[in-house]
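Inspection log for the structure reproduced underneath, given as structure tokens.
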Amino acid sequence: MKLLTHNLLSSKCLKGVKVGYPLRIVAKDVKISESEFNKEFVKKIIPKLDWKVFVNAAVQIGHSNDLSDELIDDYEDDEEYLKKVHHVLMEVEIINGELICPETDRVFPISAGIPNLLLNENEVS
Amino acid sequence: MATMKLKKLQHALEDIETFENPKIELEQYTTSSHIAACILHTAQFVYNDISGKCVADLGCGSGVLSIGAALLGAQYCAGFDVDPSAISLSVENAADRDVLSQCDFILCDVKKIDKNMKLKAFDTVVMNPPFGTRERGADLMFLKMAISLATRAVYSLHKTSTRKRVTSMARELGVHAKVIAELRFDLPASYKFHKQDSVDVQVDLIRFSFPLLENNILTF
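Chains A and B are the protein sequences, given in the same order. Sequential numbering from 1 applies to the first sequence in our numbering. Sequential numbering from 1001 applies to the second sequence in our numbering.
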């Protein structure tokens, strides 16, 4: 599971949960995959991200790649910076671990790279 | 890669592994490589909705639409399914075609995906939803979820016999629906209750788009 996916996921599906975002991450097993760098794509995706959540998630799994809490102003022209973001967002893969609901501590396992957000019937909102 | 020919794409999708034991209640039948290639090829070469885009595939099944989108240059493809065996199959198929680095597959209840995923996070949704034959309304629920995720377009297959219902729902949701192809869906007799070897079903490929998005008039 990529950090881009983490940036989009919430646990609002759980009964009683209001925001359910961001999910905490525990990574037991991280793999680095290689994916093609597309400058335009990264430029376009950055404003859509919750930046703080992204950097915080990267820190939690020990792959922040020196990215800081504040997005730099002139990122559009900084190819090195965009490559760094691409790497953390798309190439760092959590293979085994957990996503944890910030409100209820419900654990959603990640195994073989697949996050499992399925709920039992009595947990559904 | 974005210039991949239709035939080549179809060929690349041809021997995708399919369900050994399809689940009737989920209406699991695999999207044929031909139909998957036609949908994606049109989405890319007529509308430019795939290459360089974020694409979601709801009820991804064997993963054929996610994989095809990745082969056409989609930068990020997310496949969602409620069935663990479908998700495993998708991962296996994507790995076989070397596109796993562009894809994530997520186990979740697609009918409630608006409570799992950030809304409007994708450019395009491509899907072959259940037709709503086994579970009434499942088709429209998938459509509603797809529209809540996409900002550019949704491509979906619906039984031609339900066209009125589907287009009226699109109107209610403030999206534009255009039937871009009428297909004959050759459903192989995957389930025991199918008496003939295969059943032909008339299916519409519909593109839903968002003419009013910039004014935020969309309501759900």
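Each residue gets a CB set at the ideal place from its N, CA and C atoms; glycine is no exception.
Pull up the distance between the alpha-carbon of residue i and that of residue j, whole angstroms please.
i: residue 1006 of chain B; j: residue 1063 of chain B; result: 18 Å
i: residue 1201 of chain B; j: residue 1134 of chain B; result: 15 Å
i: residue 1155 of chain B; j: residue 1009 of chain B; result: 18 Å
i: residue 80 of chain A; j: residue 24 of chain A; result: 28 Å
i: residue 119 of chain A; j: residue 1066 of chain B; result: 24 Å
i: residue 1170 of chain B; j: residue 1139 of chain B; result: 12 Å
i: residue 114 of chain A; j: residue 1210 of chain B; result: 31 Å
i: residue 93 of chain A; j: residue 43 of chain A; result: 21 Å
i: residue 66 of chain A; j: residue 1043 of chain B; result: 38 Å
i: residue 1126 of chain B; j: residue 1039 of chain B; result: 8 Å
i: residue 1215 of chain B; j: residue 1018 of chain B; result: With a pLDDT of 47 at residue 1215 of chain B, under the threshold of 50, the modelled position of this residue cannot be trusted; read the value that follows with caution. Rounded to the nearest angstrom, the two C-alpha atoms are 42 Å apart.
i: residue 1108 of chain B; j: residue 10 of chain A; result: 11 Å
i: residue 74 of chain A; j: residue 7 of chain A; result: 22 Å
i: residue 1037 of chain B; j: residue 16 of chain A; result: 42 Å
i: residue 126 of chain A; j: residue 1095 of chain B; result: In the structure displayed, chain A extends from 1 to 125; residue 126 of chain A sits before or after that span and is not available.
i: residue 95 of chain A; j: residue 1110 of chain B; result: 22 Å
i: residue 34 of chain A; j: residue 1099 of chain B; result: 10 Å
i: residue 1092 of chain B; j: residue 1059 of chain B; result: 16 Å
i: residue 1148 of chain B; j: residue 1172 of chain B; result: 13 Å
i: residue 103 of chain A; j: residue 20 of chain A; result: 6 Å
i: residue 1035 of chain B; j: residue 72 of chain A; result: 44 Å
i: residue 1167 of chain B; j: residue 1073 of chain B; result: 30 Å
i: residue 109 of chain A; j: residue 98 of chain A; result: 5 Å
i: residue 1160 of chain B; j: residue 1136 of chain B; result: 16 Å
Would DSSP call residue i helix, strand or coil?
i: residue 1038 of chain B; result: helix
i: residue 21 of chain A; result: coil
i: residue 96 of chain A; result: strand
i: residue 81 of chain A; result: helix
i: residue 1171 of chain B; result: helix
i: residue 59 of chain A; result: helix
i: residue 1134 of chain B; result: coil
i: residue 5 of chain A; result: helix
i: residue 1145 of chain B; result: helix
i: residue 31 of chain A; result: strand
i: residue 1030 of chain B; result: coil
i: residue 1209 of chain B; result: strand
i: residue 1018 of chain B; result: coil
i: residue 41 of chain A; result: helix
i: residue 111 of chain A; result: strand
i: residue 67 of chain A; result: coil
i: residue 1183 of chain B; result: strand
i: residue 1166 of chain B; result: helix
i: residue 90 of chain A; result: helix
i: residue 1096 of chain B; result: helix
i: residue 122 of chain A; result: helix
i: residue 1065 of chain B; result: helix
In chain A, what lies closer than 9 Å to residue i by C-beta?
i: residue 1104 of chain B; result: 1, 2, 4, 5, 93, 113, 114, 115
i: residue 1052 of chain B; result: 38, 40, 41, 44
Taking buried to mean at least 16 other C-beta atoms within 10 Å of its own C-beta, is residue i buried or exposed?
i: residue 32 of chain A; result: exposed
i: residue 1219 of chain B; result: With a pLDDT of only 42 at residue 1219 of chain B, under 50, the local geometry of the prediction cannot be trusted, and the value read off the model is given with reservation. Under this definition residue 1219 of chain B is an exposed residue.
i: residue 1081 of chain B; result: buried
i: residue 1217 of chain B; result: A caution first: residue 1217 of chain B carries a pLDDT of 46, below 50, which makes its placement in the model too unreliable to give a value.
i: residue 105 of chain A; result: exposed
i: residue 1027 of chain B; result: buried
i: residue 1049 of chain B; result: buried
i: residue 1158 of chain B; result: buried
i: residue 55 of chain A; result: buried
i: residue 1164 of chain B; result: exposed
i: residue 1128 of chain B; result: buried
i: residue 77 of chain A; result: exposed
i: residue 68 of chain A; result: exposed
i: residue 157 of chain A; result: Chain A is shown only over 1 to 125; residue 157 of chain A falls outside these bounds and no answer can be derived.
i: residue 1207 of chain B; result: buried
i: residue 1199 of chain B; result: exposed
i: residue 1001 of chain B; result: Interpretation of residue 1001 of chain B is limited by its pLDDT of 49, a score under 50 that renders its predicted location unreliable; no figure is taken from the coordinates.
i: residue 1046 of chain B; result: exposed
i: residue 1152 of chain B; result: buried
i: residue 121 of chain A; result: exposed
i: residue 1041 of chain B; result: buried
So which residues of chain A does residue i contact, with C-beta pairs closer than 8 Å?
i: residue 1091 of chain B; result: 112, 113, 114
i: residue 1112 of chain B; result: 13, 124
Could you name the residues of chain A that residue i contacts, counting a contact when the two beta carbons are closer than 7 Å?
i: residue 1075 of chain B; result: 38, 41
i: residue 1144 of chain B; result: None at all; the shortest Cβ gap to chain A is about 16 Å.
i: residue 1108 of chain B; result: 117, 118
i: residue 1087 of chain B; result: 114
Can you list the residues of chain B that residue i reaches, using a CB-CB cut of under 8 Å?
i: residue 28 of chain A; result: Neighbours of residue 28 of chain A on chain B: none; closest Cβ ~18 Å, over 8 Å.
i: residue 12 of chain A; result: 1115, 1116
i: residue 68 of chain A; result: Near residue 68 of chain A there are no residues of chain B at all, since even the closest Cβ is about 23 Å away, more than 8 Å.
Report the neighbours of residue i on chain B: residues whose CB is nearer than 7 Å to its CB, in chain order.
i: residue 9 of chain A; result: 1116, 1117
| Does the count of Cβ pairs from the segment 1 to 16 of chain A and the segment 81 to 90 of chain A closer than 8 Å reach three? | Remark: three or more beta-carbon pairs, one from each stretch, lie closer than 8 Å, so the segment 1 to 16 of chain A and the segment 81 to 90 of chain A are flagged as touching.
| field | Three CB pairs or more closer than 8 Å across the segment 37 to 50 of chain A and the segment 1043 to 1055 of chain B | value | Yes, they touch.
| query | On the three-pair Cβ rule with 8 Å, is the segment 57 to 70 of chain A touching the segment 12 to 30 of chain A? | reply | Yes, the segment 57 to 70 of chain A is in contact with the segment 12 to 30 of chain A.
| So does the segment 1014 to 1026 of chain B actually touch the segment 1081 to 1100 of chain B, counting three or more Cβ pairs closer than 8 Å? | Yes: at least three Cβ pairs fall under 8 Å.
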